[in-house]
Amino acid sequence: MSKVLVIDDDRMVIQQISELVTAFGHKVSFVPKPKFAIQRLETEEFDLILLDINMPEINGIDLLKSIKSNPEWANIPVVMITGEGDNNTLIECFELGASDYVEKPIIPAVLRARINGLIKSRELAKSELRLKEQEALQYKLRSLISQMNPHFIFNIMNSIQFHVMEENKELAIESIAKFSELVRTSLNNSDKEFIRLNEEVGFLTTYLNLEMDRFRGELFFNIDVADDIDTEDILVPPMLLQPYIENSIVHGIGNKEGKGHIQINFTRTKQVLNCEIIDDGVGREKAKELKQLKIGSHESKGMSLTSVRMEMLNSKVGKGFNAKVMDLVLPDGAPEGTKVVVTMPLISEWDLDDG
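So the sequence shown is numbered by this note's numbering: it starts at -10 and just counts up by one.
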């Protein structure tokens, strides 16, 4: 429901206009003393202002100047209320930014046409602005994904070089085939805002298989999806989870002696999709200590880009994307690994079609 602010010192006019505006289907507020108008505008948002020209203390023209000089209110349509029909005064009002005017005595049909026409125009302008903002945001998101691709591809090449250097032809060919599939999927998804969950699970499976090859039997993983999740219907942003998994492998499992395990769980809580990424690595504190000792240690550009993507996705869909990192410890306080919980709104193809 649109909100209309009436600024007039004549209480009979206020009552008449308030009744009419309410009958037109809008919510109305009024200010009988113009000196309080600015205060009301500072505390509430309005879609249209009806402003009397002739008032004591502050006349309508001066108040119009104050309204239009404030960037937060400049785009609010202002309809001047006049009882004189002075063309010079009306011209001055239009030059200051007034959108229209109505004359006293108020004719209901004229007032309705003025108000409804301006509110519809304002709603259309706001809708076009939102569309432009969404398009700009979508472009930025795609740009971020395209930035991740070269970084991602470079890191995956490390999973193959071991076999090539060791002249293990069979494993090298197998890894190159997996790598080709991964790159093809990554590039195909780089211009997509969302993909099906089963596609993301397939992508992560291929990626983790490559990492298993690199760790030569020292890395294992499981991906479990709850029975109440339809992976062909639920949509997720592509490559949002991979940097968290890569981080667990590089800093957690990579610094551990012996075998390591990555467990990925997809569950749902009402309209929220949860993804747990659990590793049994050395933990964040130990990983930080080891990182400080290494020269040219791994810097995850993917993680920093993912944080920015999270913020942009929240701006686009209205919150819901979040990531929380927790340290896992044994009863004696010794580190047992790390758990990352990524939450996102439960989005299906039906939701996007409706949007």
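Using N, Cα and C, we set each Cβ at its ideal position, and we do this for glycine too.
If you're wondering where the values come from, they're calculated on a predicted model, not measured in any experiment.
Apply the 10 Å Cβ neighbour rule to A87 and answer buried if 16 or more other Cβ atoms are within range, or exposed otherwise. Against the sequence shown, residue 87 aligns to sequence position 98. Buried is the call here.
Continuous alpha helix (DSSP H) stretch holding P66: start and end: The residue labelled residue 66 in the question sits at position 77 within the sequence shown. Note, P66: premise wrong, no alpha helix (DSSP H); not H, not E.
What does the alpha-carbon distance come out to for the pair R0 and K57? Looking up residue 0 in the sequence shown gives position 11. Looking up residue 57 in the sequence shown gives position 68. Roughly 25 Å between the two C-alpha positions.
Just mark W339 as buried or exposed, buried being the case when its beta carbon has 16 or more other beta carbons within 10 Å. As a working note, residue 339 is residue 350 in the sequence shown. Answer is exposed; the Cβ neighbour count stays below 16.
Nonlocal neighbours in the same chain, by C-beta distance under 7 Å from H287, ignoring five residues either side: Position 298 of the sequence shown, counted from the first residue, corresponds to residue 287. In this prediction, H287 has a pLDDT of 49, which is less than 50 and means its spatial position is unreliable; nothing more can be read from the coordinates.
What is the rounded straight-line gap between the Cα of M69 and the Cα of S(-9)? The residue you call residue 69 lines up with position 80 of the sequence shown. The residue you call residue -9 lines up with position 2 of the sequence shown. Cα-Cα distance, rounded: 18 Å.
Can you tell me which of L9, G247, I242 puts its alpha carbon nearest to the alpha carbon of V99? For the purposes of this step, residue 99 is identified with residue 110 of the sequence shown, where counting begins at 1. For the residues L9, G247, I242, the minimum Cα distance to V99 belongs to L9.
Determine the extent of the alpha helix (DSSP H) in which N198 is found, giving its start and end residues. Translated into the one-based positions of the sequence shown, residue 198 becomes position 209. Note, N198: alpha helix (DSSP H), 186 to 204.
In chain order, each beta strand (DSSP E) run of at least 3 residues that lies wholly inside the region 241 to 271: 249 to 258, 261 to 268
Would you mind working out which of E265, Y196, L85 sits nearest A63, comparing C-alpha positions? Indexing the sequence shown from 1 puts residue 63 at position 74. With distances taken between Cα atoms, A63 lies closest to L85.
Express the C-alpha separation of L176 and E325 in angstroms, rounding to a whole number. For this step, residue 325 is matched to residue 336 along the sequence shown. For this step, residue 176 is matched to residue 187 along the sequence shown. If I take the Cα positions, the gap works out to 36 Å.
Residue from L335, L199, K121, E31 with nearest C-alpha to N263: Residue 263 sits at position 274 when you count from the first residue of the sequence shown. The residue with the shortest Cα to Cα distance from N263 is L335.
Determine, using beta carbons only, whether L(-6) and R29 come nearer to each other than 8 Å. Along the sequence shown, read from residue 1 onward, the residue named residue -6 stands at position 5. Along the sequence shown, read from residue 1 onward, the residue named residue 29 stands at position 40. Cβ atoms of L(-6) and R29: closer than 8 Å.
With a 10 Å radius around its C-beta and 16 neighbouring C-beta atoms as the bar for buried, classify E345 as buried or exposed. Residue 345 lies beyond the stretch modelled for the chain, which goes from -10 to 344, so this question has no answer here.
Is D89 near R101, with beta carbons less than 8 Å apart? Taking the first residue of the sequence shown as 1, we reach residue 89 at position 100. Taking the first residue of the sequence shown as 1, we reach residue 101 at position 112. The answer is no: Cβ separation not under 8 Å.
Anyone know if the C-beta pair for L199 and S164 falls short of 8 Å? The residue labelled residue 199 in the question sits at position 210 within the sequence shown. The residue labelled residue 164 in the question sits at position 175 within the sequence shown. The answer is yes: Cβ separation under 8 Å.
Supposed close pair T327, S237 - CB separation, criterion 8 Å: Working through the sequence shown from its first residue, we reach residue 327 at position 338. Working through the sequence shown from its first residue, we reach residue 237 at position 248. Sure, about 6 Å apart at Cβ, within 8 Å.
With 16 as the cutoff for other CB atoms within 10 Å, does E117 come out buried or exposed? Here residue 117 refers to the residue found at position 128 when the sequence shown is read from its first residue. Exposed: under 16 other Cβ atoms inside 10 Å.
Pick helix, strand or coil for V329, following the three-state DSSP scheme. To locate residue 329, count along the sequence shown from 1; it is residue 340. Strand.
C-alpha distance - C82 paired with T32, whole-angstrom precision: For the purposes of this step, residue 82 is taken as residue 93 along the sequence shown, with counting starting at 1. For the purposes of this step, residue 32 is taken as residue 43 along the sequence shown, with counting starting at 1. Cα to Cα, C82 sits roughly 25 Å from T32.
Cα-Cα, which of R298, P320, R111 is closest to F310? What you label residue 310 is simply residue 321 of the sequence shown in a count that begins at 1. When only C-alpha atoms are compared, the closest one is R298.
Would you check if there are 3 or more beta carbon pairs closer than 8 Å linking the region 15 to 23 to the region 35 to 55? yes
Other residues of its chain near F183: CB distance less than 8 Å, five sequence neighbours each side excluded: The residue labelled residue 183 in the question sits at position 194 within the sequence shown. Here the set comprises L224, V225, P226, P227, I336, L341.
Alpha-carbon spacing of G49 relative to I6, whole angstroms: By one-based count along the sequence shown, residue 49 stands at place 60. By one-based count along the sequence shown, residue 6 stands at place 17. The alpha-carbon atoms of G49 and I6 are separated by roughly 17 Å.
Using DSSP with H/G/I as helix, E/B as strand and the rest coil, what is E92? Looking up residue 92 in the sequence shown gives position 103. Three-state result, E92: strand.
What separation, rounded to the nearest whole angstrom, lies between the Cα atoms of N77 and M44? As a position in the sequence shown, residue 77 is number 88, starting the count at 1. As a position in the sequence shown, residue 44 is number 55, starting the count at 1. Their backbone Cα atoms lie some 18 Å apart in a straight line.
6 Å Cβ shell around F210 - same chain, five flanking residues per side excluded: Taking the sequence shown and counting its residues from 1, one reaches residue 210 at position 221. These residues qualify, in order along the chain: L197, I251.
In terms of DSSP beta bridges, what is A312 paired with? As a position in the sequence shown, residue 312 is number 323, starting the count at 1. Paired residue(s): V331.
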